[in-house]
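Below you'll find the structure, written out as structure tokens, and then a few comments.
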Amino acid sequence: MTGDEKDISIITGFWREAGPDAWFRKDDGFDDAFRAAHQDQHWRAARRELDHWNSSPDGALALMILLDQFPRNCFRGTAHMFATDPLARHHARHAVSMGYDKGVAEELRSFIYLPFEHSEDLADQERSVELFTPLGGEALQYAIIHLDIIKAFGRFPHRNRSLGRETTPQEQAFLDQGGFAG
0 MTGDEKDISI ITGFWREAGP DAWFRKDDGF DDAFRAAHQD QHWRAARREL DHWNSSPDGA
60 LALMILLDQF PRNCFRGTAH MFATDPLARH HARHAVSMGY DKGVAEELRS FIYLPFEHSE
120 DLADQERSVE LFTPLGGEAL QYAIIHLDII KAFGRFPHRN RSLGRETTPQ EQAFLDQGGF
180 AG
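Here numbering that gives the first Met the number 0 is used: position 152 in the sequence shown is 151, and no number is missing along the way.
Below, the structure written as structure tokens:
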């Protein structure tokens, strides 16, 4: 096993072991462990030093974890939470075009697709729903919710504070009524 293969295995293993209870809820302990274990690799991926990992299903998954999930856990409430989203989408597009998503276990496949769901671009949102449709269930429901928000506002209002954007009265009303908060 090469050094890259070992690193990929460690990252994807960490993510698998954490499981859904950690993936989709705020947990400072998990975020701290994630940061301690993988912050250096996140920065390497952000500097595009790990682009070559996107040549296999597991490598693509590891990149999505580092570029899409890591910032959402480890930089909550900051602009950096979204800073590597364009790079994550770049890698997700390549992974899907190569069929790497089909080589990832179904319970982890959504992580290849989430960069599209996290985009504020309508075409990416439509692609997200298309990709999540075969998975169905809650994953598809959330993809549709994200699409509907982008259709309504052209962006995610819950990001405005972190990104230093003005919130429109319509966005504030949506947020005040319990609108999706990410």
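The beta-carbon is built from N, C-alpha and C at its ideal position, and this holds for glycine as well.
What you are looking at is a predicted structure, and each value in this text was computed from that prediction instead of being measured.
Where D3 is concerned, the enclosing alpha helix (DSSP H) starts and stops at G2 to W22. The criterion of a C-beta distance shorter than 8 Å is satisfied by L66 and A45.
For D67, there is no enclosing alpha helix (DSSP H), as DSSP marks it with neither H nor E. Look at the stretch 110-177 and you find these whole runs of alpha helix (DSSP H), each 4 residues long or longer: 121-131, 136-152, 159-162 and 168-175.
Contact between A78 and L162 holds: their C-beta atoms lie close to 5 Å from each other, under 8 Å. The Cβ atoms of A36 and F29 lie no closer than 8 Å to each other.
Short of 6 Å from the beta carbon of L121, and not among the five residues preceding or following it, lie these beta carbons of its own chain, in chain order: I149.
Per DSSP, W42 is one residue of the alpha helix (DSSP H) stretching across D27 to A45.
The beta carbon of T11 lies closer than 6 Å to those of D57, L60 and A61 in the same chain, with the five residues before and after it left out. Nearest Cα to R75 within the set K5, D26, Y141 and Q140: D26. Taking 8 Å as the cut-off, the beta carbon of Q40 is found closer than this to the beta carbon of D6. Sorting P156, R164, E165 and R160 by C-alpha distance to the C-alpha of G177 places P156 at the top. The C-beta distance from L130 to V95 rounds to 7 Å, short enough to fall under 8 Å.
With respect to the C-alpha of E48, the residue from E16, W14, H90 and N72 having the closest C-alpha is H90.
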